[in-house]
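*Asks:* Under my numbering, think of the first position of the sequence shown as 248, with each following residue one higher.
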Amino acid sequence: DPYVRISFHQFSGGRYGNKAYKAIERYLAAECTSHAYWLKANVDRDILSPVFSIETGHEVTDEFKGVKVWWVCEKEQDKNNSSSHSRYLRLKFPKQHRKLITEAYLKHVMEGGQAMINRNRQLKLYNYRGGEMSCYRPYWTEVTNFEHPVTFDTLAMEKKRKEEIIKDLMDFSKAKDYYWGIGKAWKRGYLLYGPPGTGKSSMIAAMANLLKYDVYDLELTAVKSNNELKMLLVTTPSKSIVVIEDIDCLSSVTGDRGGAKKGGKKEKHQKKI
Numbered sequence: 248d249p250y251v252r253i254s255f256h257q258f259s260g261g262r263y264g265n266k267a268y269k270a271i272e273r274y275l276a277a278e279c280t281s282h283a284y285w286l287k288a289n290v291d292r293d294i295l296s297p298v299f300s301i302e303t304g305h306e307v308t309d310e311f312k313g314v315k316v317w318w319v320c321e322k323e324q325d326k327n328n329s330s331s332h333s334r335y336l337r338l339k340f341p342k343q344h345r346k347l348i349t350e351a352y353l354k355h356v357m358e359g360g361q362a363m364i365n366r367n368r369q370l371k372l373y374n375y376r377g378g379e380m381s382c383y384r385p386y387w388t389e390v391t392n393f394e395h396p397v398t399f400d401t402l403a404m405e406k407k408r409k410e411e412i413i414k415d416l417m418d419f420s421k422a423k424d425y426y427w428g429i430g431k432a433w434k435r436g437y438l439l440y441g442p443p444g445t446g447k448s449s450m451i452a453a454m455a456n457l458l459k460y461d462v463y464d465l466e467l468t469a470v471k472s473n474n475e476l477k478m479l480l481v482t483t484p485s486k487s488i489v490v491i492e493d494i495d496c497l498s499s500v501t502g503d504r505g506g507a508k509k510g511g512k513k514e515k516h517q518k519k520i
């Protein structure tokens, strides 16, 4: 047989959805279904528009760097429940292109599909109310959908400064590999300051709507220790905006940590908006 076949199942570990399957399904819906004659449409939770996918038993083709590949959607019977079925996607490609497909093409498909999911996903607002942490209690609690209407198009700000911020955000969002390569954490900090009504919340909303990142609202008064704060930050997913409110009201956080040494020079780097 001159072909290699790889299967991606809808569920992994029982009832848990397979993220790889979801990303591939979304990629195929956008890139390969324009010439498909039979599609399946669903409205998923937290997705803002119908999601199309290959109907069971049908095949679509894709091409990557001159190599043609085939995708087909099949279904399998649940071993524990004869009346239940799940779907899986099977990729077929010429075996002489194994390295190209398994290393470059699948990465291209996964990243493209996940980007499409993020663009069409309902943003969420989370917060932390304090209390005892454990593996049975989530660190962050989903509060509501994040549906703030402000975008950078409607945000009241000097045009040049707005363009600088947008460029900075977009450059950062694409720089994960760069940060990894130089051994730095992939994070970016902004200091928003000013009296109530000066647009701090609108700025955060514009950033979230531009990047399609969920917002995690953190009041430091609810955090009892440095360890608790570290655990909160560690359990925050990547591609999120963590909003730390009223940081200037907590002397334990804003105290002079860098100028404690006698004769030492205190340095402060901030991006002011």
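All C-beta atoms, glycine included, are put in the ideal place defined by N, C-alpha and C.
Going by the DSSP bridge assignment, what does F311 pair with across the sheet?
*Replies:* The partner list for F311 (beta bridge, DSSP) reads V314.
*Asks:* Closer than 8 Å is the cut-off here; do at least three beta carbon pairs connect the segment 405-425 with the segment 387-394?
*Replies:* No: fewer than three Cβ pairs fall under 8 Å.
*Asks:* On the three-state DSSP scale, how would you describe V490?
*Replies:* DSSP places V490 in strand when its eight states are reduced to three.
*Asks:* By the 10 Å Cβ neighbour count, where 16 or more other Cβ atoms means buried, how is A432 classified, buried or exposed?
*Replies:* The residue is exposed, with fewer than 16 neighbouring Cβ atoms inside 10 Å.
*Asks:* Take P249 and list the residues in its own chain whose beta-carbon comes closer than 7 Å to its own, dropping the five residues that flank it on each side.
*Replies:* Here the set comprises P341 and K342.
*Asks:* Indicate the three-state DSSP secondary structure (helix, strand or coil) for I429 in the structure shown.
*Replies:* Of the three classes helix, strand and coil, the one that applies to I429 here is coil, per DSSP.
*Asks:* Measure the C-alpha to C-alpha separation of K414 and R366 and round it to an integer number of angstroms.
*Replies:* C-alpha separation (whole angstroms): 18 Å.
*Asks:* Looking only at its chain, what residues have a beta carbon closer than 8 Å to the beta carbon of L439, apart from the 5 residues adjacent to it on each side?
*Replies:* Hits under 8 Å: K447, M450, I451 and I520.
*Asks:* Kindly indicate which residue of L370, E350 and L457 has the alpha-carbon position closest to the one of L402.
*Replies:* Answer by Cα proximity: L457.
*Asks:* Which same chain residues, not among the five before or five after T388, have their C-beta less than 8 Å away from its C-beta?
*Replies:* Excluding positions up to five away in sequence, the list reads Y373, N374, Y375 and R376.
*Asks:* Taking the C-alpha atoms as reference points, what is the distance between R368 and M454?
*Replies:* Looking at the two C-alpha atoms, the distance is approximately 15 Å.
*Asks:* By Cβ distance, which residues of its chain are closer than 7 Å to S259, with the 5 residues on each side in sequence left out?
*Replies:* Answer for S259: N265, listed in chain order.
*Asks:* Give a yes or no on whether the C-beta atoms belonging to I364 and K269 are separated by under 8 Å.
*Replies:* Yes, they are a contact pair.
*Asks:* In or out: I301 buried (at least 16 other Cβ within 10 Å) or exposed?
*Replies:* Buried, because 16 or more other Cβ atoms sit within 10 Å of the Cβ of I301.
*Asks:* Taking just the CA atoms, how far does A277 sit from K421?
*Replies:* Computed Cα separation, rounded: 21 Å.
*Asks:* Under 8 Å by Cβ, that's how I've got I491 and V462 pegged, so tell me the actual separation to the nearest angstrom.
*Replies:* The Cβ separation is near 12 Å, so there is no contact.
*Asks:* Which ranges would you report for the alpha helix (DSSP H) in the segment 393-428 if only whole runs of at least 4 residues count?
*Replies:* The segment 393-428 contains these whole alpha helix (DSSP H) runs: 406-420 and 423-428.
*Asks:* Let's test the definition: count the other Cβ atoms within 10 Å of the Cβ of L480 and tell me whether it reaches 16, buried, or not, exposed.
*Replies:* Exposed, by the Cβ-count rule.
*Asks:* Can you tell me the Cα-Cα spacing of E514 and T398, whole angstroms?
*Replies:* The predicted position of E514 is uncertain, since its pLDDT is 37 and thus under 50; no value can be drawn from it.
*Asks:* In the DSSP assignment, the alpha helix (DSSP H) including R252 goes from what residue to what residue?
*Replies:* No alpha helix (DSSP H) contains R252, which is instead part of the beta strand (DSSP E) from Y250 to H256.
*Asks:* Return the residue from the list E310, D309, W317 and F311 that minimises the CA-CA distance to R252.
*Replies:* Of E310, D309, W317 and F311, the residue nearest in Cα terms is W317.
*Asks:* With a threshold of 7 Å on Cβ separation, who are the neighbours of F416 within its own chain once the five nearest residues in sequence on each side are excluded?
*Replies:* According to the sequence provided, residue 416 is Leu. The question's Phe does not apply to it. For L416, where only same-chain residues beyond five positions count, the Cβ hits under 7 Å are M454, L457 and L458.
*Asks:* Classify F255 as buried or exposed, calling it buried when 16 or more other Cβ atoms lie within 10 Å of its own Cβ.
*Replies:* It is buried - the Cβ of F255 has at least 16 other Cβ atoms within 10 Å.
*Asks:* Under a three-way DSSP split, which group does D437 fall into?
*Replies:* According to the sequence provided, residue 437 is Tyr. The question's Asp does not apply to it. Three-state DSSP puts Y437 in coil, outside helix and strand.
*Asks:* For S449, name the three-state secondary structure that DSSP assigns.
*Replies:* Looking at S449 - three-state DSSP - the assignment turns out to be helix.
*Asks:* Could you check if I271 is buried or exposed, using at least 16 other CB atoms within 10 Å of its CB as the buried criterion?
*Replies:* I271 should be labelled buried.
*Asks:* Buried or exposed, going by whether 16 or more other CB atoms sit within 10 Å of the CB of Y460?
*Replies:* Per the 10 Å Cβ criterion, buried.
*Asks:* Can you list, in chain order, the residues of its chain with a C-beta nearer than 8 Å to that of W427? Leave out the 5 residues immediately preceding and following it.
*Replies:* The residues are W433.
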